Amino acid sequence: MDKQRKDAVWKDFWAAQNASSAPAVVSTQWDAITRAQFDVWTDFLREVKGGAKVLDIATGAGKVLHMMRATRPDLELYGIDIAQDFPDPPHKTKLVGGVHMEEMPFDDGQFDVVVSQFGFEYGDTEAGAKEILRVLHAEGRMAFMVHRGDGPIVAHNRKRIEQISWLRDENSLFSRIVEMIPVDSSISQEAYDFAKDLAARGERKFGLGSVAWEIPEAVRRTLILGAKGSREKLIGTLDLIEEQAESEVDRIRSLLVASAAADEREKLLEGFTKQGREALHCTPVSLSKGEVFADLIVL
Numbered sequence: 129m130d131k132q133r134k135d136a137v138w139k140d141f142w143a144a145q146n147a148s149s150a151p152a153v154v155s156t157q158w159d160a161i162t163r164a165q166f167d168v169w170t171d172f173l174r175e176v177k178g179g180a181k182v183l184d185i186a187t188g189a190g191k192v193l194h195m196m197r198a199t200r201p202d203l204e205l206y207g208i209d210i211a212q213d214f215p216d217p218p219h220k221t222k223l224v225g226g227v228h229m230e231e232m233p234f235d236d237g238q239f240d241v242v243v244s245q246f247g248f249e250y251g252d253t254e255a256g257a258k259e260i261l262r263v264l265h266a267e268g269r270m271a272f273m274v275h276r277g278d279g280p281i282v283a284h285n286r287k288r289i290e291q292i293s294w295l296r297d298e299n300s301l302f303s304r305i306v307e308m309i310p311v312d313s314s315i316s317q318e319a320y321d322f323a324k325d326l327a328a329r330g331e332r333k334f335g336l337g338s339v340a341w342e343i344p345e346a347v348r349r350t351l352i353l354g355a356k357g358s359r360e361k362l363i364g365t366l367d368l369i370e371e372q373a374e375s376e377v378d379r380i381r382s383l384l385v386a387s388a389a390a391d392e393r394e395k396l397l398e399g400f401t402k403q404g405r406e407a408l409h410c411t412p413v414s415l416s417k418g419e420v421f422a423d424l425i426v427l
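Listed below in structure tokens is the structure:
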């Protein structure tokens with residue numbers, strides 16, 4: 129995927145997250161993962177001086193900044209992201225959209241701390257390291273929470289992409305449904321039965337609530353409601369569902385590439401080591417059952 133496409137996918141993803149209370153990245157494990165992240169960031173902040181200026185790279189919905197504001201109200205918090213739309217930021221926090229970590233609109237040595245959670249590994253890490261070191265004070269501290277390729281977040285998303293591929297490639301869900309829709313947009317029993325059957329098969333194969341059930345179920349309901357309008361409007365709604373599924377596939381592919389980059393730890397940090405900055409320590413971030421889903425690298 130080229131850089132422009134990747135940026136567009138992530139902007140759409142974060143816009144969707146802003147409108148939803150249930151993040152799509154990890155589903156039912158979200159609360160447990162958030163708590164583990166909170167604990168690790170809270171421990172890290174013990175090393176940060178009072179009143180420090182902190183920059184969060186690829187801040188997204190500002191999750192890290194909200195955690196930091198909750199535990200350290202004295203900090204001066206900033207966040208950047210390639211996305212333009214943000215939810216309400218924490219109190220006295222400055223967010224700047226449309227910004228890549230490889231080129232930031234800040235002065236040399238402006239920040240005491242630079243952090244990122246599932247962001248640094250998505251960009252050009254060598255160019256990003258150079259720019260981070262430019263905006264970081266000479267004695268500043270860095271901390272990056274990065275994906276683990278063997279962790280539950282990646283495993284969850286591998287299952288999602290498998291299920292979407294099952295719907296799209298093995299069963300041709302969208303193309304077959306469109307072919308079955310009558311010219312007058314009335315309910316097609318054939319299309320309805322196909323969507324209903326595929327949802328049932330998805331539930332049996334992958335579980336109730338799985339994306340393999342969720343998407344054909346959404347199509348089934350759309351067919352019922354769409355009978356009240358034009359054929360063009362009905363197909364437009366189905367196209368939107370298909371586009372969202374394709375965007376999900378692109379996002380997951382980006383995640384898999386990023387997790388692979390994070391697993392190549394020496395290469396990931398090469399831009400820093402070339403400038404004499406070595407990792408001080410690395411803390412595994414895990415669920416209560418011991419499943420490690422990320423590492424916090426402190427430099």
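The working numbering numbers the first residue of the sequence shown as 129 and each following residue consecutively.
Glycine included, each C-beta is placed from N, C-alpha and C at the ideal position.
Computed from a prediction, not measured in an experiment: that's the story for all the values here.
Is it buried or exposed for residue i, if we count other Cβ within 10 angstroms and need 16 for buried?
| i | result |
| --- | --- |
| V176 | buried |
| K356 | exposed |
| A328 | exposed |
| L397 | buried |
| P233 | exposed |
| G178 | exposed |
| A388 | exposed |
| L336 | exposed |
| K191 | buried |
| R286 | exposed |
| N311 | Residue 311 is actually Val in this sequence, not Asn. Looking at its Cβ environment, which holds fewer than 16 other Cβ atoms inside 10 Å, V311 is exposed. |
| I352 | exposed |
| D236 | exposed |
| R174 | exposed |
| E249 | buried |
| L408 | exposed |
| G354 | buried |
Would you tell me roughly how many angstroms separate the C-alpha atoms of residue i and residue j, rounded to the nearest one?
| i | j | result |
| --- | --- | --- |
| A431 | G207 | Outside the shown range of the chain (129 to 427) lies residue 431, about which nothing can therefore be said. |
| K402 | D423 | 21 Å |
| H284 | D159 | 15 Å |
| K417 | M308 | 48 Å |
| A255 | V385 | 18 Å |
| T411 | V168 | 8 Å |
| I369 | G188 | 23 Å |
| E259 | E376 | 30 Å |
| K478 | T253 | The first residue shown for the chain is 129 and the last is 427, placing residue 478 beyond what the model contains. |
| Q291 | P201 | 43 Å |
| F421 | S414 | 6 Å |
| R269 | L366 | 48 Å |
| W341 | E204 | 45 Å |
| S303 | L223 | 42 Å |
| S316 | R381 | 35 Å |
| L326 | G279 | 30 Å |
| E374 | I289 | 10 Å |
| L405 | G225 | Sequence check: residue 405 is Arg here, not Leu. The alpha-carbon atoms of R405 and G225 are separated by roughly 28 Å. |
So residue i and residue j are supposed to be a Cβ contact under 8 Å. How far apart are they, rounded?
| i | j | result |
| --- | --- | --- |
| S244 | A180 | That pair is no contact at about 16 Å. |
| L383 | F400 | Not quite, the Cβ-Cβ distance comes to about 23 Å (not below 8 Å), so this is no contact. |
| K324 | R348 | 5 Å |
| V182 | I210 | With a Cβ gap of about 19 Å, V182 and I210 do not count as contacting. |
| F166 | M195 | 5 Å |
| P344 | G364 | In fact, because the Cβ distance is near 18 Å, the residues do not count as touching under 8 Å. |
Is the stretch 215 to 222 touching the stretch 270 to 279 in the sense that three or more CB pairs, one from each, lie closer than 8 Å? no
Would you call the stretch 261 to 268 in contact with the stretch 234 to 242, where contact means no fewer than 3 C-beta pairs closer than 8 Å? yes
Of all the beta strand (DSSP E) runs that stay within the bounds of the stretch 177 to 249, which reach a length of 3 or more residues? 181 to 185, 204 to 209, 221 to 225 and 239 to 245
Any chance you could list the alpha helix (DSSP H) runs of at least 4 consecutive residues sitting entirely within the stretch 381 to 412, in chain order? 393 to 396 and 398 to 401
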